[in-house]
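Residue numbers (my numbering): 16 to 301. Notes to accompany the following structure.
Structure follows, in structure tokens:
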């Protein structure tokens, strides 16, 4: 099944970053760049922040003015040309916080995702029952929106059932396997679902043992998204918002942290054995 996850706002977000980054690297002032394409500095500011439509011809003119390589110009212009499609998550608009909508759009465009999770299992691998138990006691989700919020979370998942599945690599703290979200039955079914996903070539899941006292995930959970036609970003979430880190040194630092976490974690085979032990334990508790 073909799964196209278009999102105009997410595409504009990526194009805007490329425009701003290229202009700053070329040391061109915003007023000079705006004059080059015959617009106001205010409009160019909106283009760079992704708050308005970026016309492909204007994007091309600006990037050429900045001296960007032809292949990078073509890549960004292609992104700009795709930003006139509908938003795939529109049916869930009312239950997605405004600050989270950008991430949902970017996640849908990503080809690869790395996630380090320190408390619960990542959203891409959650079962509906696990997600319901997790979201049901959230300060941010009214009871009347719970069912739709769970549907939105499951709709984000694209690890299977599509011809362009997300390539997921995840490192999770061992404690997340033991936290009885939803009770023994829900956790058993969740872990069985996880084992099934781990049999797929596009899913690499590892657990970092509790006895690893110091590692690069201690500051908190984070996600790295990589795209076929755009530079990668790092994403760090907090209670009422999130940070989108796009500057290359920042992304490189998180990418290095991800590599180091994978090295300190159990291998996928050791992780599978740890999960199987928990499945037996939860089965005995039912």
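We put the CB at the ideal spot given by N, CA and C, even for glycine. Quantities reported herein were computed from a predicted structural model and do not represent experimental measurements.
Contact defined as beta carbons within less than 8 Å: I believe residue 5 pairs with residue 192. What is the distance between those atoms, to the nearest angstrom? Residue 5 lies beyond the residue range present for the chain, which begins at 16 and ends at 301; the question has no answer from this structure.
Decide yes or no for the touch test of the segment 62-75 against the segment 20-38: beta carbon pairs closer than 8 Å, at least 3 of them. yes
If we count the other Cβ atoms within 10 Å of its Cβ and call it buried at 16 or more, is residue 137 buried or exposed? buried
Can you give me the Cβ contacts of residue 119 inside the same chain, cut-off strictly under 7 Å, excluding the 5 residues immediately before and after it? 104, 111, 171
Below 8 Å between beta carbons: does that hold for residue 107 and residue 167? yes
Would you say the segment 204-218 touches the segment 173-190, given that touching needs at least three Cβ pairs under 8 Å? yes
Does the Cβ of residue 38 have 16 or more other Cβ atoms within 10 Å, making it buried, or fewer, making it exposed? buried
In chain order, which alpha helix (DSSP H) runs of at least 4 residues are fully inside the segment 59-83? 71-80
Can you tell me where the alpha helix (DSSP H) with residue 38 in it begins and where it stops? 23-41
Secondary structure at residue 308, three-state DSSP: helix, strand or coil? A query on residue 308 cannot be resolved here, the shown segment of the chain reaching from 16 to 301 and no further.
Would you check if the distance between the CB atom of residue 297 and the CB atom of residue 219 is smaller than 8 Å? no
Who are the near neighbours of residue 198 in its chain, counting only those whose CB is closer than 8 Å to its CB and skipping five residues on each side? 148
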